[in-house]
Amino acid sequence: MGRSQSLPRGGDPRFGPDADDSGCPILHVDMDAFFASVEVRRRPELRGRPVVVGGTGPRGVVSSASYEARRYGVRSAMPTARARALCPHAVYLPPDFTQYSAASAAVMQIFRDVTPLVEPLSLDEAFLDVAGARRLFGPPAAIARRIRERVAGEQGLSCSVGVAPSKFVAKLGSTRAKPDGLLVVPATRVLDFLHPLPVSALWGVGERSTETLRRLGLATIGDLAEAPVGMLRKALGEASAAHLHELAWGRDPRRVTPEQAEKSIGAEVTFDVDVTDPLEIRRALLALAEKVGIRLRRAGQVGRTVSLKVRLTDFRTVSRSRTAGVPTDVAREIFDTVWALYTALDPGEPVRLVGVRVEGLAAARETPRQLTLGAPERGWREAEAAADAAAARFGRSVIGPASLLGVREGRRNENPPRP
């Protein structure tokens, strides 16, 4: 059995930016320390300093860390308190998803200028199939260089790109290329690239599966590839064994699927201290409903099912949902539903986290808005659309959820503001 190795970084000409890219139509583009990089772009005085973006309270979690912060061991998903202990002199900033979404949209447009076959995985990464772009823009590696140059020149951000025959290998390639690099895995060298890597590099292998495989003496992807499938089935189950065996031999037939429709849009917040005050929970749900409404309208989506998530002090999680006859993207309507759900739930003990989610999404343009009996022709949706326009011009901070919805300190104004 071979020894496990970490993902290699550069230095091997077989997988460099100038390697043979014939038969490699798939690109995986991954922005480098995206949230932190956007913050540094906004505040150039932070360049070269360790920057950490995430929750700043005692229960906060790191969302993104600049490479200067990573040198001290700070990583995404780490508790912020741990990050502060490792790097107390870093600049700690709360996330600004409005800014990150805008930067993401600009980057994704650069990708779509090259090919319509763009599959976003999140705000900061996407797969591209550039097979049809060769005539206009050249071979895949040249296209990757062009994308990196445009992202840097137009957005002031860096990205890393993996070029490979398949999605799985391209994603591993971008990981190896980080930060700010380009790596090509030739079609004829896929197994040379894959087999020395640790089994944890495989999609679907987490800490528990890694430990299970290590107990079987399988440390590298090459070890797993050569292992009897029957042994894998006994250890991991039928589906996982088949999936990992195929990946270990570099077989990943999945196509790039443009613009996968979101199944739901939601937001949640973890309180710094467990909360018992209904008014504080009401305010939190109000802010979350506004955030979800904004995201729905920005995505051009409406949804019929509104869900409430409540996590109690003992970490028990309770969910409730309600499906309406008419889909909505209106924060006021979302809030009214989740507050009714919370009131009916009446947990009666301290609350650690609340979340709001809208499901059953459909395109707003294909879903005519129906007025309820007695409702004004122009009301909450128009008011919120006007607030969106004002926020785009002056910033979201000038418009608070209480002023937007007419809900303050537990009192409600039943008439919508004039848009």
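Per my numbering, the very first residue in the sequence shown carries number 815; after that it's consecutive.
For every residue, glycine included, the Cβ atom is placed at its ideal position computed from N, Cα and C.
Can you name, in chain order, every residue of its own chain whose Cβ lies under 7 Å from the Cβ of residue i, other than the five neighbours on each side?
i     : result
Q969  : A917, A920 and V921
V867  : F849, A850, E853, S877, S878, L907 and P909
S890  : V876, S877, S878 and A879
G1107 : D1143, V1144, A1145, I1148 and E1198
R959  : L996
K985  : H842 and G976
Compare the C-alpha of residue i against each of the options and name the closest.
i     : options                      : result
T1090 : R1136, P1161 and R857        : P1161
T1127 : I1095, L1167 and A879        : L1167
D834  : A1001, V1106 and T1034       : A1001
L937  : S915, A958, R926 and V928    : S915
R990  : R1003, A1015 and L1155       : A1015
R1130 : D846, R1069, P1164 and E1040 : P1164
E1060 : K1077, A1039 and V1087       : A1039
D1088 : A1041, P872 and Q923         : P872
G946  : D927, R962, A1055 and E939   : D927
F829  : Q923, V983, I957 and V888    : V983
Y886  : V1144, A899 and P893         : A899
L997  : A1176, C838 and V1106        : C838
D1086 : D826, P893 and D832          : P893
T1084 : R863, V1124, K985 and P858   : V1124
L935  : A883, T1071 and A956         : T1071
G874  : R948, F911 and R896          : R896
E882  : A847, E1094, G869 and R856   : A847
V999  : R1022, P954 and D1037        : P954
H903  : V888, Q913 and T912          : V888
L1155 : G987, S1121, G1174 and C901  : S1121
Within this structure, are the beta carbons of residue i and residue j separated by less than 8 Å?
i     : j     : result
C973  : V865  : no
W1148 : T1157 : Reading the sequence as shown, one finds Ile at residue 1148 and not Trp. In this structure, T1157 does not lie closer than 8 Å to I1148 by Cβ.
V1172 : L1110 : yes
A1081 : G1169 : yes
V1132 : A1178 : no
I1035 : L1050 : no
M845  : E963  : no
V1004 : G1064 : yes
Q913  : R856  : yes
R1134 : G1174 : no
V905  : L860  : yes
Using the rule of at least 16 other Cβ atoms within 10 Å of the residue's Cβ for burial, across every protein chain shown, is residue i buried or exposed?
i     : result
D1066 : buried
A966  : exposed
V1013 : buried
L1046 : buried
T1186 : Legend: pLDDT at T1186 = 44, less than 50; position of this residue unreliable, no value from coordinates given.
S836  : exposed
G862  : exposed
V944  : buried
P1042 : exposed
P858  : exposed
R1068 : exposed
A1053 : exposed
G869  : buried
K1048 : exposed
L1159 : exposed
A1062 : buried
Once you ignore the five residues that flank residue i on each side, which residues in its own chain have a CB closer than 6 Å to its CB?
i     : result
L942  : L841, F925, T929 and V932
L1027 : V1013
K768  : No answer is possible for residue 768: it lies beyond the span of the chain, which begins at 815 and ends at 1233.
T987  : Reading the sequence as shown, one finds Gly at residue 987 and not Thr. If we look at G987 and ignore the five residues flanking it on each side, its Cβ neighbours are G976, A978, L997 and V999.
T1137 : R1118 and T1119
Answer with yes or no whether the minimum CB distance from residue i to chain B is below 8 Å.
i    : result
V865 : This model lacks chain B altogether, as it is built from one protein chain only.
For residue i, which residues of its own chain have a beta-carbon under 8 Å away from its beta-carbon, when the five flanking residues on both sides are left out?
i     : result
D832  : A955 and V998
P993  : D846, A847, Y881, S972 and S974
C901  : P864, V866, A883, Y886, G887 and V888
I1095 : V1089, Y1156, V1165 and V1168
Pick out the complete alpha helix (DSSP H) segments inside the segment 1098-1164, 4 residues or longer, and give them in chain order.
-> 1145-1159
Curious, which full-length alpha helix (DSSP H) runs of at least 4 residues does the segment 972-1006 contain?
-> 981-991
In chain order, which beta strand (DSSP E) runs of at least 3 residues are fully inside the segment 915-951?
-> Taking only runs of at least 3 residues, the beta strand (DSSP E) segments lying wholly in the segment 915-951 are 932-936 and 939-943.
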